[in-house]
Amino acid sequence: MRRLLFVCLGNIIRSPLAEQLFSDLARRAGVADNYTVDSAGTGDWHSGESPDPRMVETATKHGLTLGGAARQVRPNDLGRFDLILTMDESNRADLLELARTPVQRPKIRMLREFDPQRDELDVPDPWYGGRGDFEQTYQIIERSVRGLLEALERGEV
Ligand code: 4NP
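Under numbering that gives the first Met the number 0, the sequence shown has 140 at position 141, and the numbering climbs by one with no breaks.
The following block contains the structure:
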């Protein structure tokens, strides 16, 4: 059993999508029992909130129902999870500050390392963007979690 935590800033747009797309994909592939997944935000401004309605709408268009409530990353997440996938470099820097042991640091990876079409390592934050930006972020996260699941199932991660 691998324990995966997806992390962004607010835990209302990118990381809940990554978590729920990964779960959905693993279930369809018949390998859901190999994983537990969760998501969290480095900030606490949106704790307890549902996912952003703009990403809920985008996900719905693709047949995915997004739910859940936002929570902030806790220091013990770095112990509890095996692999922590961050959406951008600032999330990664914040988590590296929380990591206290040499065992914890290598658990922190950028999600887009697994995007076969990546042109950069950040998953763009669409907070100030329009519909097209939400769709672009959706596509990037979908490709990345697919790549991640394949890498995990091949034993590469
Ligand atoms: P997320 O997006 O980190 O993908 O959940 C954001 C959510 C909230 C804010 C920015 C990005 N904000 O500025 O409140």
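Glycine is no exception: its CB is placed at the ideal position from the N, C-alpha and C atoms.
Pull up the distance between the alpha-carbon of VAL144 and that of ARG111, whole angstroms please.
9 Å
Pair every Cβ in the region 6-19 with every Cβ in the region 52-70, then say whether three or more of these pairs are closer than 8 Å.
The region 6-19 vs the region 52-70: in contact.
Do GLY40 and ligand 1 come close, with the Cβ less than 7 Å from some heavy atom?
Yes, ligand 1 has a heavy atom inside 7 Å of this Cβ.
Is it the case that the Cβ atoms of LEU4 and PHE80 are separated by a distance below 8 Å?
The criterion of a C-beta distance shorter than 8 Å is satisfied by LEU4 and PHE80.
As an exercise, report each continuous alpha helix (DSSP H) stretch of at least 4 residues that is fully enclosed by the region 98-144, in chain order.
none
I'd like to confirm something about HIS61: is its beta-carbon nearer than 7 Å to some heavy atom of ligand 1, or not?
No, since every heavy atom of ligand 1 falls outside the 7 Å radius drawn around the Cβ of HIS61.
In whole angstroms, give me the CA-to-CA distance for ARG2 and ARG130.
32 Å
Could you check if ASP43 is buried or exposed, using at least 16 other CB atoms within 10 Å of its CB as the buried criterion?
The residue is exposed, with fewer than 16 neighbouring Cβ atoms inside 10 Å.
Three-state secondary structure (DSSP) at THR59?
helix
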